[in-house]
Amino acid sequence: MIPKRTPQSGFFSPRFLTGFAFCAIGVFLAMLVFARPNKPVGQQTHSFAQQDIPTFNAVALPAPKDAITSKGTTRPVEGDYLIDMAALDIHPAAAPLPIRALAVGNAGSPEGAAMGTGKAFMGITHEVANASTTAAFGILTSGWIAGESVQVYLNGVLATTLAANAEGVLAVGISTGAGFGYVTAEEIGLTSGKDTGGVVQIANTSPYLPGVTGAPHAINTTPGTAHFYLYGFQYPVSSSVPLYRNGVLQTTVLTNGSGRFFVTYSPAKNGDTSAVYSADTVNPSGGVTAGVSLEERADAGTPPVGDQNAAWVFFDHATLNSGTGGDAVVVGKGFEPGETVTFSGCVSTTVTADAEGAVAGVLSFGAGAGVSQCVLTGETSGRVARGTILLDPDVSNLRGLRSFPPSVTRAPAPGNMIPILATKLPANAAGASTPTPTPTPTCPLPQAYNYTVTTGSYLAGTTNAGVNCNDCSTPVPFPFPVKIYDTNYTSAMAGSNGELAFGTDFSSALITCMPVDSATYTIGPFWVDQYPVTSSCPACGVFYGTFGTAPNRTFVIEWRNAYFSFPLPTTPTLKYEVIFNEATALTGRFDVSYNLVSSHSGGTDSALTVGVQKDTTNFTEVGCDPTGTNPPAGVTTGAYFIYTLACPTPTPTPTCNYTTTTGTGAIVPGTTDTGICSLPATRFTGAQVVPCRIPIWARLFYRIRTT
Numbered sequence: 004m005i006p007k008r009t010p011q012s013g014f015f016s017p018r019f020l021t022g023f024a025f026c027a028i029g030v031f032l033a034m035l036v037f038a039r040p041n042k043p044v045g046q047q048t049h050s051f052a053q054q055d056i057p058t059f060n061a062v063a064l065p066a067p068k069d070a071i072t073s074k075g076t077t078r079p080v081e082g083d084y085l086i087d088m089a090a091l092d093i094h095p096a097a098a099p100l101p102i103r104a105l106a107v108g109n110a111g112s113p114e115g116a117a118m119g120t121g122k123a124f125m126g127i128t129h130e131v132a133n134a135s136t137t138a139a140f141g142i143l144t145s146g147w148i149a150g151e152s153v154q155v156y157l158n159g160v161l162a163t164t165l166a167a168n169a170e171g172v173l174a175v176g177i178s179t180g181a182g183f184g185y186v187t188a189e190e191i192g193l194t195s196g197k198d199t200g201g202v203v204q205i206a207n208t209s210p211y212l213p214g215v216t217g218a219p220h221a222i223n224t225t226p227g228t229a230h231f232y233l234y235g236f237q238y239p240v241s242s243s244v245p246l247y248r249n250g251v252l253q254t255t256v257l258t259n260g261s262g263r264f265f266v267t268y269s270p271a272k273n274g275d276t277s278a279v280y281s282a283d284t285v286n287p288s289g290g291v292t293a294g295v296s297l298e299e300r301a302d303a304g305t306p307p308v309g310d311q312n313a314a315w316v317f318f319d320h321a322t323l324n325s326g327t328g329g330d331a332v333v334v335g336k337g338f339e340p341g342e343t344v345t346f347s348g349c350v351s352t353t354v355t356a357d358a359e360g361a362v363a364g365v366l367s368f369g370a371g372a373g374v375s376q377c378v379l380t381g382e383t384s385g386r387v388a389r390g391t392i393l394l395d396p397d398v399s400n401l402r403g404l405r406s407f408p409p410s411v412t413r414a415p416a417p418g419n420m421i422p423i424l425a426t427k428l429p430a431n432a433a434g435a436s437t438p439t440p441t442p443t444p445t446c447p448l449p450q451a452y453n454y455t456v457t458t459g460s461y462l463a464g465t466t467n468a469g470v471n472c473n474d475c476s477t478p479v480p481f482p483f484p485v486k487i488y489d490t491n492y493t494s495a496m497a498g499s500n501g502e503l504a505f506g507t508d509f510s511s512a513l514i515t516c517m518p519v520d521s522a523t524y525t526i527g528p529f530w531v532d533q534y535p536v537t538s539s540c541p542a543c544g545v546f547y548g549t550f551g552t553a554p555n556r557t558f559v560i561e562w563r564n565a566y567f568s569f570p571l572p573t574t575p576t577l578k579y580e581v582i583f584n585e586a587t588a589l590t591g592r593f594d595v596s597y598n599l600v601s602s603h604s605g606g607t608d609s610a611l612t613v614g615v616q617k618d619t620t621n622f623t624e625v626g627c628d629p630t631g632t633n634p635p636a637g638v639t640t641g642a643y644f645i646y647t648l649a650c651p652t653p654t655p656t657p658t659c660n661y662t663t664t665t666g667t668g669a670i671v672p673g674t675t676d677t678g679i680c681s682l683p684a685t686r687f688t689g690a691q692v693v694p695c696r697i698p699i700w701a702r703l704f705y706r707i708r709t710t
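Under the working numbering, the first residue of the sequence shown carries the number 4, and numbering increases by one thereafter.
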């Protein structure tokens, strides 16, 4: 249990009173600044001094138990984009740019993840990122009209115009070039007129840390059809990454060859609440966690639309290290100007909303793992907003800039410039890091496959390969090359009995446990005598399809099949597929997804084996039933296998010979008798029992004999 600390009201702390005084002075100075006419874009200036807002001692509660927490589901998403800043000659600026460099010169650009005009939302995976890095950070926006064109600006330069997806979501990865400073991002919907933006610090002290964001900021889970989009960057490449909700494992997500993932997550119906969605790198030991706070509430809109609620809570940092504690800026928006807003859960206090209906504070946490939910309630409007912070030992407390508040309305109305609370890393900023990849050493032994079992998506094939025959196979062309063991291929033979042969095909029904006869370079996702003949089973067959766009395509080969039996099968009782992802295909990785798995009462005339085989000496078998009755353990409906190549550890040659070296030196007598294995001081002959075992070569002796 984490010891609770007594919440303290910010209004009765000297720290708050001091902060309030500075805030009052700051507001007065801001009024003087914004009373001046707007300058042309080229002459705009902005103060980035540290802003003082009240600090509250916050508390966290233990994370919920895994067994009592409802879990949601994930689905991989295709269609994110990648912008290379170096190729566009866009480099970090010396300070965040408050105004976009357009001819109109008056469109406001927020600084920090923002809810912009018309409720378009931007989430950014990182506060601080590295220079000259491919896919350094990601930008995820929502709230657009389905399919509308969205302009993407980086430091005031129109980088590209992209189309939002069918749910009004746009995901863009950013590759950085040389230089340090700030990258201000802004997106504008050309049909809706919505505007949102944010800023990232590019720092030479930045370690390679992961980052994750989500959108929409709030969804309505009541219908059971809503989902968040989750976008992660700088994770281990081509890996299975665990995804957590409030510290409770939900599932795993797969990263591509650049170390990023893009998925949807459909939460269980948890009522009106908020949660931190985080992903862990697993390695190095302990992992590195990053997360984002999102809200689940009934008034967020009809799915897939979100963010229709009136009030929101944002954090500059949704995860903190539980070993040290730390600070996080909390911002509430959408309240009535001047109303009293009550903070509960994370802290017990009240704050008066400013002229734009915003409240803010710094939450200061002590050490201790858990979750801390902040509930903000407007005493006049009745509006409620929630946000959650996760304290976890795997979090690194590296921080970049802080912005306040994370929302924007269009300029030139006074007051739309968003103050920056802090714009650079603290001195000697450091944190746990993901090591820079090093070249993979050449494996001295033939590589073998390992596999892991997880969950994943199932994509039905779209093209009939024509394998509607008994004990036969047909060639299937691939849209991109793949590697199996040590060889690259661009096609394979798909067999009626559930084998995919890249080398020598063995399409006979005389299937055994591995190794299977003459088969080489063959994947057996469900290798048993089957009968996909359409004259008896019209829906049976082998189907393939390509999904996504290069260089992130996915190619699947799907079997809709049935065990060979009498009478002949009439409907598919088996559905499974082999999956190749373009980003990882040349690493040797392939996946197998099982949509429908059954046993065959009475067995078949062949064995049932699952695995992959290079030849009769190098193969990896998940399991085998010689009678062809039951699938191996783990091969069940909904299972998802990931096969990756591994280098076997050479078996060391045992050495049982002493070696001697002749030299010179003096014997220095010991001065203390340890009492261990001391022999009698008197001279003796014959056999003598010693008080402990003496190891010589591989044997232990209790007796010695003199001659």
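Just so you know, even glycine gets a beta-carbon here, dropped at the ideal spot from N, CA and C.
>> Please report the distance separating the alpha-carbon of residue 469 from that of residue 593.
In response: Counting from 1 along the sequence shown, the entry for residue 469 is found at position 466. Counting from 1 along the sequence shown, the entry for residue 593 is found at position 590. Distance between the alpha carbons of residue 469 and residue 593 is about 23 Å.
> DSSP three-state call for residue 319: helix, strand or coil?
Replying inline: For the purposes of this step, residue 319 is taken as residue 316 along the sequence shown, with counting starting at 1. Three-state DSSP puts residue 319 in coil, outside helix and strand.
>> I'd like to know if the segment 563-577 and the segment 619-629 are in contact, where contact means that at least 3 CB-CB pairs between them fall below 8 Å.
In response: Using a C-beta cut-off of 8 Å, the segment 563-577 makes no contact with the segment 619-629, since fewer than three inter-stretch Cβ pairs fall below that distance.
>> So, at 6 Å on beta carbons, what are the nonlocal neighbours of residue 583 in its own chain, with the 5 sequence-adjacent residues on each side left out?
In response: As a position in the sequence shown, residue 583 is number 580, starting the count at 1. Within the same chain, residue 583 has close Cβ partners 485, 558, 593.
> Can residue 312 and residue 303 be called in contact, C-beta distance under 8 Å?
Replying inline: As a working mapping, residue 312 is identified with position 309 in the sequence shown. As a working mapping, residue 303 is identified with position 300 in the sequence shown. Yes, the Cβ-Cβ distance between residue 312 and residue 303 is below 8 Å.
> Among 237, 95, 131, 57, which has the Cα closest to the Cα of residue 334?
Replying inline: Start at 1 with the first residue of the sequence shown, and residue 334 comes out as number 331. For the residues 237, 95, 131, 57, the minimum Cα distance to residue 334 belongs to 57.
> Which whole-angstrom value describes the C-beta separation of residue 215 and residue 309, a residue pair presumed to lie in contact below a C-beta threshold of 8 Å?
Replying inline: In the sequence shown, residue 215 corresponds to position 212, counting from 1. In the sequence shown, residue 309 corresponds to position 306, counting from 1. Not a contact, Cβ separation roughly 18 Å.
> Which residue comes first and which comes last in the beta strand (DSSP E) that contains residue 253?
Replying inline: The residue labelled residue 253 in the question sits at position 250 within the sequence shown. That run of the beta strand (DSSP E) goes 251-257.
>> Based on DSSP bridge pairs, tell me the residues matched to residue 282.
In response: Counted from its first residue, the sequence shown places residue 282 at position 279. For residue 282, which the question treats as bridged, DSSP gives the partners 246, 293.
> Going by other Cβ atoms of all chains shown within 10 Å of its Cβ, with 16 needed for buried, is residue 670 buried or exposed?
Replying inline: If you number the sequence shown from 1, residue 670 lands on position 667. Residue 670 should be labelled exposed.
> DSSP on residue 599, reduced to helix/strand/coil?
Replying inline: For the purposes of this step, residue 599 is identified with residue 596 of the sequence shown, where counting begins at 1. Residue 599: strand per DSSP, three-state reduction.
> For residue 462, which of helix, strand or coil comes out of DSSP?
Replying inline: As a position in the sequence shown, residue 462 is number 459, starting the count at 1. In the three-state DSSP reduction, residue 462 falls in the coil class, being neither helix nor strand.
> Do you know offhand how far residue 372's Cα is from residue 586's?
Replying inline: Position 369 of the sequence shown, counted from the first residue, corresponds to residue 372. Position 583 of the sequence shown, counted from the first residue, corresponds to residue 586. Computed Cα separation, rounded: 36 Å.
> Would you call the segment 146-155 and the segment 192-211 touching, i.e. three or more CB-CB distances under 8 Å?
Replying inline: yes
>> Going by DSSP in three states, residue 87 sits in which element: helix, strand or coil?
In response: Within the sequence shown, the letter at position 84 stands for residue 87. Note: residue 87 maps to strand in three-state DSSP.
> Between the C-alpha atoms of residue 610 and residue 85, what's the straight-line distance to the nearest angstrom?
Replying inline: Here the question's residue 610 lines up with position 607 in the sequence shown. Here the question's residue 85 lines up with position 82 in the sequence shown. When rounded, the distance between both Cα atoms is 47 Å.
> In terms of alpha-carbon separation, which member of 80, 143, 579, 171 lies closest to residue 202?
Replying inline: As a first step, residue 202 must be located in the sequence shown, where it is residue number 199. Per the Cα distances, 143.
>> Less than 8 Å between the C-beta atoms of residue 390 and residue 270, yes or no?
In response: The sequence position of residue 390 within the sequence shown is 387, counting from 1. The sequence position of residue 270 within the sequence shown is 267, counting from 1. No, the pair does not count as a contact, with Cβ atoms beyond the cut-off.
> Excluding the five sequence neighbours on either side, which residues of its own chain have a C-beta within less than 7 Å of the C-beta of residue 31, listed in chain order?
Replying inline: Walking along the sequence shown from the start, residue 31 turns up at place 28. Interpretation of residue 31 is limited by its pLDDT of 35, a score under 50 that renders its predicted location unreliable; no figure is taken from the coordinates.
>> Can you tell me which residues form a DSSP beta bridge with residue 125?
In response: Start at 1 with the first residue of the sequence shown, and residue 125 comes out as number 122. In the DSSP output, where bridge partners are listed per residue, residue 125 has 144.
> Among 339, 296, 324, which has the Cα closest to the Cα of residue 317?
Replying inline: Taking the sequence shown and counting its residues from 1, the one referred to as residue 317 is at position 314. Checked all of 339, 296, 324; the closest Cα to residue 317 is 296.
> Excluding the five sequence neighbours on either side, which residues of its own chain have a C-beta within less than 7 Å of the C-beta of residue 597, listed in chain order?
Replying inline: Translated into positions along the sequence shown, residue 597 becomes position 594. So the list reads 579, 638, 639, 640, 641, 642, once near-sequence residues are dropped.
> Helix, strand or coil: which one does DSSP assign to residue 712?
Replying inline: Within the shown structure, residues of the chain are numbered from 4 to 710, placing residue 712 beyond reach of any answer.
> Taking the alpha carbon of residue 160 as the point to measure from, which residue in 222, 226, 141, 89 has its own alpha carbon closest?
Replying inline: Here residue 160 refers to the residue found at position 157 when the sequence shown is read from its first residue. Closest option to residue 160, Cα to Cα, is 89.
> So residue 250 packs on residue 393, CB below 8 Å; how close in whole Å?
Replying inline: Along the sequence shown, read from residue 1 onward, the residue named residue 250 stands at position 247. Along the sequence shown, read from residue 1 onward, the residue named residue 393 stands at position 390. About 6 Å separates the two Cβ atoms, so the contact holds.
> What is the DSSP secondary structure of residue 394, reduced to helix, strand or coil?
Replying inline: Within the sequence shown, residue 394 is the residue found at index 391, counting from 1. Strand.
> What are the partner residues of residue 377, as DSSP defines its beta bridges?
Replying inline: Here residue 377 is taken as the residue at index 374 of the sequence shown, counted from 1. 348, 390, per the DSSP bridge assignment.
> Taking DSSP as the reference, what is the three-state secondary structure of residue 423?
Replying inline: Sequence index remark: in the sequence shown, residue 423 carries index 420 (1-based). Its pLDDT being 46, under 50, residue 423 is placed unreliably by the model, and nothing is read from it.
> In chain order, what residues of the same chain have a beta carbon less than 8 Å from the beta carbon of residue 226, not counting five sequence neighbours either side?
Replying inline: For the purposes of this step, residue 226 is taken as residue 223 along the sequence shown, with counting starting at 1. Cβ-Cβ distances below 8 Å link residue 226 to 305, 306 in the same chain, with the five nearest sequence neighbours on each side left out; the list follows chain order.
> Skipping 5 residues on each side, what residues in its chain have a beta carbon closer than 6 Å to that of residue 551?
Replying inline: Here residue 551 is taken as the residue at index 548 of the sequence shown, counted from 1. The answer, listed in chain order, is 81, 557.
> Would you call residue 2 buried or exposed, if buried means 16 or more other Cβ atoms sit within 10 Å of its Cβ?
Replying inline: The requested residue 2 does not occur in the structure, where the chain is confined to residues 4 to 710.
> For the segment 231-239 against the segment 376-388, are there 3 or more C-beta pairs whose distance is under 8 Å?
Replying inline: no
> Does the count of Cβ pairs from the segment 169-179 and the segment 237-246 closer than 8 Å reach three?
Replying inline: no
>> With distance defined between alpha-carbon atoms, name the residue in 354, 349, 520, 348 nearest to residue 336.
In response: By 1-based counting over the sequence shown, the position of residue 336 is 333. If we check each option's Cα against that of residue 336, 354 comes out closest.
> Who are the near neighbours of residue 481 in its chain, counting only those whose CB is closer than 8 Å to its CB and skipping five residues on each side?
Replying inline: Within the sequence shown, the letter at position 478 stands for residue 481. Closer than 8 Å at the Cβ level, and outside the excluded window around residue 481, lie 492, 493, 494, 495, 558, 583.
>> Judging by CA-CA distance, which residue of 300, 248, 533, 275 is the nearest neighbour of residue 282?
In response: Taking the first residue of the sequence shown as position 1, residue 282 is located at position 279. Closest by alpha carbon: 248.
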